[in-house]
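A short write-up of the structure that comes next.
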Amino acid sequence: MQSIKRLFDFYINSSTHVSLSIVALGWITYLSLDINVNFTVLSFLFFSTVTGYNFVKYAEIAGLHHRSLAQSLKTIQIYSVICGVGMLVTSLFMSLEVWVACGILGLVTLLYAIPFFIPRNTAALVKGNLRSVAGLKIFIIGVVWSGVTVILPVLQDGIASWDVGVIFIQRILFVLALMIPFEIRDMVFDNPALKTLPQIVGVKKAKIIGVTWLLLYCVLEFFKDEFNLDTFLSQLFIMMVTSICIYLSQKRSAATMYFSSFWVEGIPLLWLWLVLVINYLSY
Numbered sequence: 001m002q003s004i005k006r007l008f009d010f011y012i013n014s015s016t017h018v019s020l021s022i023v024a025l026g027w028i029t030y031l032s033l034d035i036n037v038n039f040t041v042l043s044f045l046f047f048s049t050v051t052g053y054n055f056v057k058y059a060e061i062a063g064l065h066h067r068s069l070a071q072s073l074k075t076i077q078i079y080s081v082i083c084g085v086g087m088l089v090t091s092l093f094m095s096l097e098v099w100v101a102c103g104i105l106g107l108v109t110l111l112y113a114i115p116f117f118i119p120r121n122t123a124a125l126v127k128g129n130l131r132s133v134a135g136l137k138i139f140i141i142g143v144v145w146s147g148v149t150v151i152l153p154v155l156q157d158g159i160a161s162w163d164v165g166v167i168f169i170q171r172i173l174f175v176l177a178l179m180i181p182f183e184i185r186d187m188v189f190d191n192p193a194l195k196t197l198p199q200i201v202g203v204k205k206a207k208i209i210g211v212t213w214l215l216l217y218c219v220l221e222f223f224k225d226e227f228n229l230d231t232f233l234s235q236l237f238i239m240m241v242t243s244i245c246i247y248l249s250q251k252r253s254a255a256t257m258y259f260s261s262f263w264v265e266g267i268p269l270l271w272l273w274l275v276l277v278i279n280y281l282s283y
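Per UniProt numbering: the sequence shown = residues 1 to 283.
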């Protein structure tokens, strides 16, 4: 039983779960635009997410959040190096446009993790990173996730349409809402200076804002050139599931250890499964 738990913890802590969720969102982008799935791109998304996420999470291993991971860190480092090699290999098959987009998103990721000097007021510079900029964290994650799961796939396939823009905005709204349970969970750890959404408006209002973002997502579906009822109903179901998770979210405790890191972060996998089943039944 302990072996299973260690394996499961590695699955979560090594960023494999979140990386599969990123792949799921990229896959959903292909299906939403009715274009052929490029599994090389999806492989690149997986490898780059594992590499990038583990770099961000473990760049400062002495941080409070990850002290308990010290014993398994070496295994995660080896795994990250292997995925880094996979990222480099699959990147050779990417277009120049994808390389440029990856450079921009990669730079944002670096600035999110690595300390640099930022203005605290007109008279002083303080060493920090983008994550430490008040109120910015959740929006950086929203834009990066959306860029990776929408922009990169369509750039590789040379797709440009109105619906791509709508999906990109929808994806930002979905990711922002998906981050609310994590923001609430981490309130016991986050520095008050971070000014996360729950810190600014409180837990109850943060949940309301998250559900509002999901409602806006559903409304935007009607602005697409190509409206599909089956797609809309599947999205509506996923937005309801996400809303329930937002409602149930609470500050971190032993009882809620895996709620956000497994169940909430696994919603995109449920979404992909639902879309694949609907598509299968439609043929």
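Even glycine gets a Cβ: it sits at the ideal position worked out from N, Cα and C.
Reference residue i; option with closest CA among the options
i: F227; options: L33, I4 and S19; result: L33
i: V143; options: W162, R171 and G158; result: R171
i: I78; options: N54, E97 and S3; result: N54
i: F223; options: Y30, L274, S161 and I278; result: S161
i: T210; options: L194, F232 and Y247; result: According to the sequence displayed, residue 210 carries Gly and not Thr. G210 has its Cα closest to that of Y247, out of L194, F232 and Y247.
i: V41; options: K74, S91, S14 and T51; result: S91
i: D230; options: L274, I104 and W27; result: L274
i: V89; options: S48, G103 and V203; result: S48
i: T16; options: W27, F39 and G52; result: G52
i: I180; options: L31, P192 and F139; result: F139
i: I35; options: F10, G106, G158 and V108; result: G158
i: V277; options: P192, L31 and E265; result: L31
i: T256; options: F182, L194 and V56; result: F182
i: L107; options: G84, V56, S80 and M240; result: V56
Own chain residues within Cβ distance below 6 angstroms of residue i, not counting five before or after
i: L173; result: W213, L216 and Y217
i: R6; result: none
i: V150; result: T29, I167, F168 and R171
i: D190; result: T196
i: S43; result: T90
i: H66; result: Low confidence applies here, because H66 scores a pLDDT of 49, under 50, leaving its location unreliable; read the following figure in that light. For H66, where only same-chain residues beyond five positions count, there are no Cβ hits under 6 angstroms.
i: V84; result: Correcting the residue identity first, residue 84 is Gly in this sequence and not Val. Excluding positions up to five away in sequence, the list reads T51.
Close beta carbons around residue i, own chain, < 7 angstroms, minus the five adjacent residues each side
i: T242; result: A177, L178, L214 and I267
i: L236; result: C218
i: G63; result: The predicted model places G63 with a pLDDT of 49, which falls under 50 and marks its position as unreliable; any figure quoted below should be read in that light. Nothing listed; no residue qualifies.
i: D163; result: L33, K224, D225 and E226
i: F93; result: T40
i: S80; result: V50, T51 and N54
Beta-carbon spacing of residue i, residue j below 9 angstroms
i: W271; j: I238; result: yes
i: Y58; j: I82; result: no
i: V23; j: F8; result: no
i: T196; j: K251; result: no
i: I104; j: G147; result: yes
i: S14; j: V50; result: yes
i: I208; j: P198; result: no
i: N38; j: P153; result: yes
Assigned exposure category for residue i - 16 Cβ within 10 Å defines buried
i: V188; result: exposed
i: Q2; result: exposed
i: A206; result: buried
i: M87; result: buried
i: W145; result: buried
i: G202; result: exposed
i: G26; result: buried
i: L233; result: exposed
i: S249; result: buried
i: residue 297; result: Residue 297 is absent from the model: the chain starts at 1 and stops at 283.
i: V18; result: buried
i: A123; result: Residue placement at A123 is flagged as unreliable, the pLDDT there being 44, under the threshold of 50; the coordinate-derived value follows with that caveat. Exposed.
Own chain, CB closer than 8 angstroms to residue i, minus 5 neighbours either side, in chain order
i: I12; result: Y258, S261 and F262
i: L155; result: S95, E97, V98 and A101
i: L269; result: L20, S21 and A24
i: L220; result: V166, I169, Q170 and L173
i: V175; result: I141, G142, W145 and S146
i: T109; result: G52, F55, V56 and V144
i: P192; result: Q199
Quiz prompt | Runs of alpha helix (DSSP H) lying entirely within the region 179-214, each at least 4 residues, in chain order | solution = 197-201
Self-check item: Start-end ranges of the beta strand (DSSP E) lying completely within the region 1-49, minimum 3 residues
Solution: none
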